[in-house]
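These notes concern the structure reproduced below.
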Amino acid sequence: MQLFSKTSAISAALLLAGLLIVVSALSAQAQTGASASAVAPSRLAAGGKDAAAASAAYRAVQQRLAQGWNTWDVHSVATQVLLPDGLAIHVGLKHNSALNGDAFLKDALIGRMDAGAEQVTPGAHSWDGSYTELKIAWRGHNWRIQSARDGNDLVVLASPLPSTPVSALPPTIVFSVDFLWNRPGTVLKREDSIEARGALGTVPVYCTCTKEQQSQYIALPMGGPYFAADFTAPVGVSTGKRRSVEEMEAAIARQKAAYEQSIAAAGKNGPIVDAIETTLGWDTIYEPEKSRVVSPVSRVWSVGWGGYVIFDWDTFFAATMAGIGDRDLAYADAIETLREETPQGFVPNYARPGGWKSFDRSEPPVGAITVLGLYKQFHERWFLEDAFQPLMRWNRWWDEHRQIQGYLAWGSDGDSNPANLDDGTRGTRAGAILESGLDNSPMYDATTYNQQSHVLEYADVGLMSLYIADCDALAEMAETLGKPAEAKELKDRAARFRSKLATLWDERAGIFLNKDLHTGQFNTRLSPTNFYPMLAHAATPEQARAMIEKHLLNPQEFWGEWVIPSIARNDPAFHDQDYWRGRIWGPMNYLVYLGLRNYNDEKTRGEFAQKSYALFLKEWTEKGHVHENYNAMLGVGDDVQSSDRFYHWGALLGYVEYLEQARAGK
C-alpha cells in the first residue's frame with residue numbers, strides 16, 4: 010500500500026488521530042495545496058467514466074457471492090447480514106456502572122488502535138460465512154461470538170469468558186435488528202420475537218433470553234427493536250424458529266466440524282489454508298454503492314475511507330489468495346479492481362465511494378499475472394475475455410505516459426481531469442513516489458520529478474520488470490483469445506523494455522541497479538525490487554545466480570532470521586524500521602518468490618518460503634494478527650502503529666509456502 014492512503018485513513022478514521030508516517034507525501038485531508046479554494050458542487054466525483062457493463066458470467070458470480078447470512082457489514086465484524094435483503098443482526102455490549110462511566114460498544118473492528126478501543130481476536134471464518142468465531146475484550150469484559158448457518162437460518166451465540174471486571178455490575182448483551190443500506194423493509198417488536206419483513210419475505214428472530222430476563226427499558230443509541238439481557242451466561246438469537254442455547258451450540262458444532270474437516274483435507278497446507286480463508290473471510294464485505302462483494306485490504310481502512318477502499322496491487326493479491334478456496338471471490342476481487350479503471354485507461358492507486366480515485370497515478374502493474382494465474386487454475390475463458398481489454402488499455406498507458414529515455418519511471422499527472430481535489434500529492438514528486446506503492450522507500454530519497462513529463466527522472470528496475478511480466482502475461486492471454494495482432498504488439502513491447510532493462514545490469518555489483526537519469530548515475534541502494542528481473546525472466550541464469558549468492562543470501566543485506574527487508578540491512582535507512590524503510594512486506598516476498606521459481610535453485614527457494622511462513626505464523630499463532638508489514642529485526646508487526654493488524658496481503662508470507670508445498674507435491 011501507499012502511505013498517502015494510509016495516513017489519510019488513519020487521520021480520517023481511527024489509528025491515533027494525529028499519527029502520520031512522515032515521508033515526502035502529506036495526508037490528502039491535511040494537505041489542501043492548490044485545491045484550497047476549490048469546492049466541489051457535490052460529494053460525487055465529476056466527469057468520471059462508469060465501469061463497462063459486466064458480462065452475464067460475471068453478474069452470475071456476484072449473484073452467487075451476495076447470498077445468505079455473512080459478516081457483510083464493513084462497520085462491524087459482530088454484525089450478520091442477510092443478502093440480498095440487507096437484513097442485519099448486530100451484537101453489541103453495554104458496560105454498566107453504579108456510578109458514571111456507562112458505555113456502549115455498538116460496532117467492533119479487528120485492529121483498532123485507539124485508546125480504550127475493543128480488542129478483537131479473530132477466529133475461524135469460512136469462505137461462505139457458514140461458521141465464524143471471534144473473541145472481544147473491552148472495558149474489562151471478555152466474550153466470544155460464534156455464528157453458524159442452520160439450513161437457511163442463522164444462529165448467533167454470545168458467551169462470556171473469564172474477565173477482570175472494572176465494575177460491580179454485569180454488562181448487558183444487546184442484539185438489534187434492522188435493514189442496512191436504505192434497503193426496503195420493516196422490523197417489528199413482537200411479544201416474544203422480532204419480526205423483519207423484507208424482499209425475501211418475513212424473517213422472525215428469537216432470543217434465548219426469556220421475557221423476564223430481558224431489559225425492556227434501556228438507554229441505547231438506536232431506534233430499532235432489540236433484545237437486551239444481563240450477560241452472565243451464554244445468550245443467543247436465531248432466525249426462523251426459537252432455539253435453545255443447547256440447540257445453538259449443536260448447530261455451531263456441526264458447522265465448526267465441517268470447517269475443520271475442510272482444513273484437515275488440505276493436509277500439511279492446512280494451517281496456511283486456515284489463515285488465508287479466515288483472513289479473507291473477515292476482510293470481505295458487501296459494498297452497496299456498486300452492489301458488489303469485494304475484499305478491501307481491511308475494514309479499518311475501508312471505514313476510514315467512507316465504506317470501502319480498493320487499492321490496486323493489494324486487491325489483485327487478494328484475488329490470487331482467494332483462488333485457494335473461493336473461485337468466485339477470486340474473480341470478484343480481480344474484476345472489481347479492473348472496473349475501477351480511470352477515464353485515462355489505467356487502474357488507479359486507490360478508489361473509494363463517490364467515484365473518487367487517484368486520477369493522477371496508478372500502482373504496480375500486477376493485474377495480468379494475477380488474471381493469467383487464475384485462468385490457468387480454473388480455465389474459464391469468459392474471465393480472460395472480461396479482463397483482457399482493461400488490462401490492455403492499462404498496459405498501453407504505461408508505455409505512453411511513463412516512459413523516459415526509453416525506460417519506465419513512476420509518475421503523477423497533476424493536470425489530469427477529473428481530479429481528486431483533496432489529494433495534495435497529485436502532480437508532485439511525492440505523488441510519483443506513491444505510484445510505486447513504496448511510499449517512503451529510501452530508493453527514492455534523491456530522485457528528481459520532471460514537472461513537464463510528470464515522471465521521476467529515474468529508471469526503475471522494479472517497474473520495468475513488473476511491466477515486462479505484464480506484457481508477457483497479456484501476450485499469452487491474447488494468443489489464447491485468438492488476438493494475434495495484440496499478441497505481437499505485446500511481445501514487441503516486452504522485447505523493447507527487456508533490452509533497456511538489460512542496460513541496468515551492473516557486472517561489478519552483480520545485480521540490476523536503478524539509474525538516476527537526472528545525474529546519469531546508478532543508485533546502489535538495494536531493495537527487493539532489484540530482484541524482480543527474475544520475475545520477468547529478464548535475468549540470465551548467470552545473473553540470477555550472482556544476485557542470489559551476492560545479495561539475497563548475504564546476511565549483511567537481505568538474509569537472516571526474518572526475510573526479506575524492504576531495504577538492505579547495511580543501508581543507513583534499515584534501522585528506521587519505518588514502513589518501507591526496512592520493514593518486511595508480504596507482496597515483496599511474494600514477487601521475489603515468483604522470480605526464484607523461474608530459476609533452478611530449489612534450496613534457496615525452499616528456505617525463502619519457509620522463512621516467510623515462519624514470520625507470518627509468529628503473530629498469527631500468538632494473536633491472530635495478519636500484519637501489513639513486519640519489523641525485520643524483531644519479526645513482529647505490533648511494534649509500530651503504522652502496521653494494520655489485519656491487512657490481507659500479510660498472508661502472502663504464508664501463501665509462498667503454500668505454493669512451495671504445492672510445487673513439491675507435498
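Numbers given in our numbering equal positions in the sequence shown, counted from 1, plus 9. C-beta atoms are modelled at their ideal positions from N, C-alpha and C, and glycine is treated no differently. Here the structure is a predicted model, which means the values were calculated and not measured.
Which residues DSSP lists as bridging residue i, in chain order
i    : result
V244 : A167
W147 : H150
S185 : H99 and Y235
F689 : Absent from the structure is residue 689, since the part of the chain shown begins at 10 and ends at 675.
P213 : E204
A360 : I319 and K366
T613 : DSSP, once it has assigned bridges, lists no residue as partnering T613.
W78  : L91
E296 : R301
E198 : The residue you asked about is not Glu; residue 198 is Lys in the sequence shown. K198 is bridged to I203.
I413 : Y416
R590 : D587
A112 : H104
H134 : T141
K524 : A468 and F531
N459 : V464
Secondary structure of residue i, DSSP reduced to three states
i    : result
C218 : coil
W403 : helix
W514 : strand
A582 : coil
I272 : helix
E204 : strand
F676 : Lying before the first or after the last residue shown, residue 676 is absent from the chain, which here runs from 10 to 675.
W571 : coil
Q155 : strand
K627 : helix
E349 : coil
H636 : coil
D162 : strand
Y656 : coil
A441 : helix
N598 : helix
V129 : strand
Q223 : strand
Nearest-angstrom Cα separation, counted from residue j out to residue i
i    : j    : result
D686 : Y416 : With the chain running from 10 to 675 in the structure shown, residue 686 is simply not present.
A545 : S51  : 44 Å
M543 : W190 : 47 Å
G663 : Q619 : 9 Å
V2   : P174 : Beyond the ends of the chain as shown, which are 10 and 675, falls residue 2; an answer cannot be given.
I272 : D283 : 6 Å
T130 : A331 : 21 Å
Q128 : V356 : 35 Å
E394 : P564 : 45 Å
R517 : A62  : 52 Å
S172 : A146 : 9 Å
R153 : F320 : 32 Å
R502 : Q552 : 22 Å
H634 : F625 : 9 Å
K559 : Q650 : 34 Å
Q72  : T293 : 15 Å
G132 : Y140 : 10 Å
R402 : K385 : 22 Å
L400 : P243 : 51 Å
K265 : H134 : 10 Å
K250 : P230 : 28 Å
CB contact below 9 Å: residue i versus chain B
i    : result
T211 : Protein chains in the displayed structure number just one, and chain B is not present.
CB-CB length for residue i against residue j, believed under 8 Å
i    : j    : result
W136 : D335 : 4 Å
W291 : L163 : No, W291 and L163 are not in contact; Cβ-Cβ is about 17 Å, not under 8 Å.
G644 : K632 : That pair is no contact at about 13 Å.
G101 : S185 : 7 Å
S371 : S450 : Actually they are not in contact, since the Cβ atoms of S371 and S450 sit about 17 Å apart, beyond 8 Å.
V302 : T248 : Between T248 and V302 the Cβ distance is about 21 Å, and since that is not below 8 Å, they are no contact.
Y467 : L526 : 6 Å
Distance cut-off 8 Å: residue i Cβ against heavy atoms of the ligand ZN
i    : result
G674 : The ligand ZN is not part of the structure shown, which contains no ligands of any sort.
When you compare the region 447 to 459 with the region 485 to 497, are there three or more beta-carbon pairs, one atom per stretch, that lie closer than 8 Å?
no
Does the region 147 to 164 come close enough to the region 258 to 267 that 3 or more CB-CB pairs lie under 8 Å?
yes
The region 651 to 661 in contact with the region 611 to 620 per 3-pair CB rule at 8 Å
no
Is there contact here, the region 98 to 116 with the region 365 to 384, by at least three beta-carbon pairs under 8 Å?
no
For the structure I just gave you, are there three or more beta carbon pairs, one from the region 362 to 375 and one from the region 426 to 435, closer than 8 Å?
yes
Three or more C-beta pairs closer than 8 Å, one from the region 338 to 354 and one from the region 323 to 330: is that the case here?
yes
I want to know whether the region 79 to 88 touches the region 113 to 128 - three or more CB-CB distances under 8 Å.
yes
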